[in-house]
Amino acid sequence: MSNPVVVVTGAGRGLGEAIALSVAEHGARVVLAGRSVPALQQVCRAIEANGGKALVRPTDVTDAESVAGLFADADDAFGHIDVLVNNAGIATESNLIDLDEAEWDRIFDTNVRGMFLCTREAGRRFAAAGAGRAVNVASVFGLLGRPGFSAYCASKGAVVNFTRSVAAEWARFGAQINGVAPGYFATDINAELRENEAAMAKVLRRIPAYRMGTPEELANVVTYLAMSAPDFLTGQTIAVDGGESSV
Ligand SMILES: NC(=O)c1ccc[n+]([C@@H]2O[C@H](COP(=O)([O-])OP(=O)(O)OC[C@H]3O[C@@H](n4cnc5c(N)ncnc54)[C@H](OP(=O)(O)O)[C@@H]3O)[C@@H](O)[C@H]2O)c1
12 MSNPVVVVTG AGRGLGEAIA LSVAEHGARV VLAGRSVPAL QQVCRAIEAN
62 GGKALVRPTD VTDAESVAGL FADADDAFGH IDVLVNNAGI ATESNLIDLD
112 EAEWDRIFDT NVRGMFLCTR EAGRRFAAAG AGRAVNVASV FGLLGRPGFS
162 AYCASKGAVV NFTRSVAAEW ARFGAQINGV APGYFATDIN AELRENEAAM
212 AKVLRRIPAY RMGTPEELAN VVTYLAMSAP DFLTGQTIAV DGGESSV
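Under our numbering, think of the first position of the sequence shown as 12, with each following residue one higher.
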């Protein structure tokens with residue numbers, strides 16, 4: 012794939028920013044989607060300063076109209092899209108017995124409904140083109156259970172099995188969908204945890220590599236799945252977690 016058009020959700024910071032910069036470095040034209048426009052603009056400037064091409068598109072992935080507009084604008088700007096990276100996601104901690112419905116819905120709206128809306132838009136285009144790729148950012152929390160994270164774990168487990176089902180549908184028309192399951196990477200999503208020394212020590216004891224990953228390590232795997240993995244690889248979710256889910 013040379014100079015593919017790649018849509019990245021949640022591209023303004025954290026893992027999404029690293030993914031956007033990495034695919035751009037490998038020649039992709041990147042559609043940067045997210046709610047915070049200044050953050051997206053900063054990533055856009057970094058890509059352009061490196062000689063790349065990017066489009067900033069304010070998007071709320073939970074809103075079907077906003078998502079439809081994202082893909083329509085990507086079509087207008089670049090003529091088509093080749094790859095979707097479903098990265099936007101949120102996590103909050105609460106024991107199940109204290110979890111209210113609004114929080115459950117908020118997590119599922121972003122992590123599951125958002126992924127569904129974006130993947131459906133991309134899939135319609137891939138079916139017509141007979142090609143295309145999606146990469147879903149799940150979590151090791153979608154492979155394992157964790158106390159205090161039932162809603163998040165359930166939402167990321169949904170991402171993993173959605174990936175399998177859609178792979179089976181898309182293989183018939185030549186498109187692929189895979190996922191990554193990140194372990195711990197230092198981003199805003201775990202800022203509070205990283206400030207708690209005792210909690211961090213507990214987390215590190217669970218990771219055979221005894222460290223957090225760097226966003227670039229995750230972005231390298233996403234870039235491979237998005238741009239150079241064989242077409243025969245589909246429906247898989249690769250844990251990038253320093254061995255956390257292997258023990
Ligand atoms: N960091 C980790 O250790 C880790 C581990 C496992 C999985 N993950 C997953 O990796 C992904 C990225 O997380 P991160 O660590 O980079 O966290 P982050 O720094 O908090 O970034 C989350 C991103 O999602 C975007 N987002 C949230 N709600 C959105 C919405 N409704 N519409 C559009 N964009 C939305 C945010 O942008 P705006 O707020 O500007 O919209 C932001 O760019 C998530 O799916 C997360 O679950 C992260």
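Idealized CB from N, CA, C, for every residue including glycine. No experiment lies behind these values; they were computed from the predicted model shown.
Return the chain-ordered list of same chain residues with a C-beta closer than 7 Å to the C-beta of residue i, the five sequence neighbours on each side being excluded.
{"i": "D71", "result": "R46, S77"}
{"i": "A210", "result": "L204"}
{"i": "M223", "result": "Y195, F196, A197"}
With a threshold of 8 Å, establish whether the CB of residue i neighbours any heavy atom of ligand 1.
{"i": "S33", "result": "no"}
{"i": "L155", "result": "no"}
{"i": "F119", "result": "no"}
{"i": "A230", "result": "no"}
{"i": "F152", "result": "yes"}
{"i": "S47", "result": "yes"}
{"i": "V20", "result": "Reading off the sequence, residue 20 comes out as Thr, not Val. It does: the Cβ of T20 is within 8 Å (strictly closer) of some heavy atom of ligand 1."}
{"i": "V148", "result": "yes"}
{"i": "F196", "result": "yes"}
{"i": "L26", "result": "yes"}
{"i": "A102", "result": "yes"}
{"i": "T70", "result": "yes"}
{"i": "I200", "result": "yes"}
{"i": "N122", "result": "yes"}
{"i": "A50", "result": "yes"}
{"i": "M238", "result": "no"}
{"i": "T73", "result": "yes"}
{"i": "K64", "result": "no"}
{"i": "K167", "result": "yes"}
{"i": "M211", "result": "no"}
Does residue i pass the burial test, meaning 16 or more other C-beta atoms within 10 Å, or should it be called exposed?
{"i": "Y221", "result": "exposed"}
{"i": "S176", "result": "exposed"}
{"i": "E28", "result": "buried"}
{"i": "K213", "result": "exposed"}
{"i": "E180", "result": "exposed"}
{"i": "R183", "result": "exposed"}
{"i": "N122", "result": "buried"}
{"i": "T225", "result": "exposed"}
{"i": "A39", "result": "buried"}
{"i": "I218", "result": "buried"}
{"i": "R68", "result": "buried"}
{"i": "A60", "result": "exposed"}
Please tell me whether residue i and residue j are closer than 9 Å, where the distance is taken between their beta carbons.
{"i": "V258", "j": "V232", "result": "no"}
{"i": "L66", "j": "V42", "result": "yes"}
{"i": "A145", "j": "N97", "result": "yes"}
{"i": "E255", "j": "V171", "result": "no"}
{"i": "E114", "j": "A149", "result": "no"}
{"i": "T262", "j": "A192", "result": "There is no way to answer for residue 262, as the model of the chain reaches only from 12 to 258."}
{"i": "A57", "j": "R24", "result": "no"}
{"i": "L54", "j": "A22", "result": "First, the residue type needs correcting, since residue 54 is Val and not Leu in the sequence shown. Yes. Within cutoff."}
Report all residues from its chain with a CB closer than 8 Å to the CB of residue i; omit the five preceding and five following residues, and keep chain order.
{"i": "L75", "result": "The residue asked about is misnamed: residue 75 is Ala in this sequence, not Leu. For A75, where only same-chain residues beyond five positions count, the Cβ hits under 8 Å are L128."}
{"i": "S156", "result": "Rather than Ser, the amino acid found at residue 156 in this sequence is Gly. These residues qualify, in order along the chain: C164."}
{"i": "F89", "result": "V16, R40, V42, L66"}
Keeping to the same chain, check which residues put their C-beta closer than 6 Å to that of residue i; ignore five residues upstream and five downstream.
{"i": "A102", "result": "Y163, I200"}
{"i": "L236", "result": "V146, N189"}
Does the beta carbon of residue i come closer than 9 Å to any beta carbon on chain D?
{"i": "G100", "result": "Note that chain D does not occur in the displayed structure, where there is just one protein chain."}
Whole beta strand (DSSP E) elements within the region 84 to 147, 3-residue minimum: Counting only runs of 3 or more, we get 94 to 97.
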